[in-house]
Amino acid sequence: MATEGGGKEMNEIKTQFTTREGLYKLLPHSEYSRPNRVPFNSQGSNPVRVSFVNLNDQSGNGDRLCFNVGRELYFYIYKGVRKAADLSKPIDKRIYKGTQPTCHDFNHLTATAESVSLLVGFSAGQVQLIDPIKKETSKLFNEERLIDKSRVTCVKWVPGSESLFLVAHSSGNMYLYNVEHTCGTTAPHYQLLKQGESFAVHTCKSKSTRNPLLKWTVGEGALNEFAFSPDGKFLACVSQDGFLRVFSFDSVELHGTMKSYFGGLLCVCWSPDGKYLVTGGEDDLVTVWSFVDCRVIARGHGHKSWVSVVAFDPYTTSVEGGDPMEFSGSDEDFQDLLHFGRDRANSTQSRLSKRNSTESRPVSVTYRFGSVGQDTQLCLWDLTEDILFPHQPLSRARTHTNVMNATSPPAGSTGNSVTTPGNPAPPLPRSNSLPHSTVSNAGSKSSVADGAIASGVSKFATLSLHDRKDRHHEKDHKRNHSMGHISSKSSDKLNLVTKTRTDPAKTLGTPLCPRMEDVPLLEPLVCKKIAHERLTVLIFLEDCIVTACQEGFICTWGRPGKVVSFNP
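In the UniProt record's numbering, the protein residues as written are 1 to 568.
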């Protein structure tokens, strides 16, 4: 299927690439797919997705993976770089009729060798809770499609919770569910909880507690993906209207926004320390956004088509020289945070606490992230100190970020120390985001799952008392957003919001969407064609990188020094 890397032909598929760490190699025997290894006819199908979980068993081989291909869903033991994949023995296989799986997520908190909770979203709007080990179908949510009839675009467990999960749809709505509650036999009625610029949040109006607990309407058009911050306190959403919106999840406050250069945003991810976000989308760019300054700090151009997935590599993100990196949590907390590149909310104290303080600025800070796209290419990027701190002298260490257009930073930027929810500081004056509420200290372990939320929406109900006043009355500059479509007819009267489209020409050149020449433009360290069909998966694991394409092939790339010889 592939040829050796290093060839000169443009259409040649690479099987290896080199970075400063060394050589990454494709492991052909570690390829996962449907048992017959026949390429999947991907026309008109939903993207292939991959989810990982570790069952914490004592065998040392507790990794499991789930992937969807067309109407099929597979659950395998993942042997990674250690042993060849055995495709003849899936632990579980399901074939669906009338609907296709679109996305899935494991609950890492509750996973054991005997049981695992897997959420699966579908093209017709339903969400299924299954246990692929016990081979049980526990529950079906939105079964009658009374809550939302549109495709599920993203489903994730709420960090730190065994029962709460969040579901996004192509309608532009998100819903908070509790696995313990039913969905009811009639369409839900909603009561407005909070409304802000381009978003509204409703509670479910019912005599008895039922799903959904909350309904979010965000932006205009499909809500393509969301991601929780590493401490579980913030929620980043990217939409077809081209906006990144970052919310405080508990208080339902809008923290900041960013607009794509053009077209919809398709993917988003957080840096391991929660200080930066990267988005990708239909402008073929990757965009780096500062959580603290609420501004674009860099763009990356390497893809020739839409960017479908972005992900940080927590195992290559590094600080060299200066004071050693310090964490406010234990080593075990940090390893838990990094595991599978996913965060668990019980590790909220695992912060990179002193990295960017003025008193102990390290010699070199490097964040590694990657992206894959519809152009079948994998790009790796380094975000280095010269981009993060443009007022500082360039690092003595060699920088791997090629800055093509490094100009002075936009208004509102600062050369002072960067702070995060774990490092509170007075808010910086910014011209490109809405005024935001005081950022909470990461030292307090409060999360959505704490306290009264377990008994329904009582915690959220109190928000309407002390947070009724919209804090966004002091807008730094005027811009009109529109409300997304509400699919439930019963709630139309609550959402009579004037639909005024944001004119892209009015946002271009503002801090919301700087011009190309106004921010540094990164070049990729690596940009390789690695598949025949569009790429839909990029996951960084400790000893390998996992990619997948729309043909249904899940590939393992061994990290330098991590590949062991084995017999297939």
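Glycine included, each C-beta is placed from N, C-alpha and C at the ideal position.
Would you say the beta carbon of Gln374 comes nearer than 7 Å to a heavy atom of the ligand ADP? Annotation note on the ligand ADP: not contained in the displayed structure, which lists no ligands.
How many whole angstroms separate the CB atoms of Thr137 and Gln128, which I take to be in contact at a CB cut-off of 8 Å? 6 Å
Distance between Thr279 and Gly300 (C-alpha atoms, nearest Å): 10 Å
Excluding the 5 residues preceding and the 5 following Val563 in the sequence, name in chain order all residues of the same chain whose CB lies nearer than 8 Å to its CB. Lys25, Leu27 and Val81
8 Å contact criterion, which Gly121 and Val152 should meet: CB distance rounded: 3 Å
Pairs of beta-carbons, one from the region 174–188 and one from the region 66–86, closer than 8 Å: are there three or more? no
When you compare each of Gly302, Ser305, Lys304 and Val286 to Phe312 by their alpha carbons, which one comes out closest? Val286
What residue does the beta strand (DSSP E) around Glu136 start on, and which one ends it? Glu136 to Phe141
Could you give the DSSP three-state label for Asp92: helix, strand or coil? strand
Short Cβ contact (8 Å threshold) for Val238 with Trp216: no
Starting from Leu383 and walking both ways along the beta strand (DSSP E), at which residues does that stretch end? Gln377 to Thr384
Three-state secondary structure (DSSP) of Asp293: coil
Suppose contacts are defined by Cβ-Cβ distances below 8 Å. Is Leu538 in contact with Val309 by that definition? yes
Quick one: what's got a C-beta closer than 6 Å to Tyr96's C-beta in the same chain, skipping five residues either side? Arg71
If you measure between the beta carbons of Asn211 and His181, is that distance less than 8 Å? yes
Tell me whether Glu542 sits in a helix, a strand or coil according to DSSP, three-state version. coil
Looking at the structure shown, is His29 part of a helix, part of a strand, or coil, going by DSSP? helix
In whole angstroms, what is the alpha-carbon distance linking Glu21 and Gly561? 9 Å
Given a cut-off of 8 Å on the beta-carbon distance, is the pair Glu12 and Cys555 in contact? no
With H, G and I counted as helix, E and B as strand and the rest as coil, what does DSSP make of Leu525? coil
Asn54 - containing beta strand (DSSP E), residue span: Val50 to Asn54
So, for Thr536: in the same chain, excluding its five sequence neighbours on each side, which residues have a beta-carbon less than 8 Å away from its beta-carbon? Pro47, Val48, Arg49, Ser308, Val309, Val372, Ala548, Cys549 and Gln550
So what does DSSP say about His400, is it helix, strand or coil? Per-residue confidence for His400 stands at a pLDDT of 44, beneath the threshold of 50, marking its modelled position as unreliable; the derived number appears in the next sentence. DSSP places His400 in coil when its eight states are reduced to three.
Contact check, Val519 vs Val268 under 8 Å by CB: the rounded distance? Val519 to Val268, Cβ: 18 Å. No contact.
Taking only three categories from DSSP, how would you classify Thr15? coil
Candidates Leu235, Thr209 and Glu220: closest to Val167 by CA position: Leu235
With distances taken from CA atoms, which of Asp231, Ala227 and Asn142 is nearest Leu244? Ala227
Assuming Lys39 and Pro90 are in contact, meaning their beta carbons sit under 8 Å apart, how far apart are those beta carbons, in whole angstroms? Lys is not the amino acid found at residue 39; the sequence shown has Pro there. Rounded, the Cβ-Cβ distance is 18 Å, inconsistent with contact.
Please classify Leu223: does DSSP put it in a helix, a strand, or coil? strand
Sequence-distant residues of the same chain with beta carbon closer than 7 Å to residue 569, five excluded per side: This structure leaves residue 569 out entirely; the chain is present only between 1 and 568.
Between Gly281 and Ser305, how many whole angstroms is the CB-CB distance? I'm expecting something under 8 Å. About 11 Å separates the two Cβ atoms, so there is no contact after all.
Measure the Cβ-Cβ separation of Phe106 and Asp92 and say whether it is below 8 Å. no
Any idea what DSSP makes of Thr507, helix, strand or coil? helix
By DSSP's criteria, Ser170 is part of a beta bridge. Which residues make up the other side? None; Ser170 has no bridge partner.
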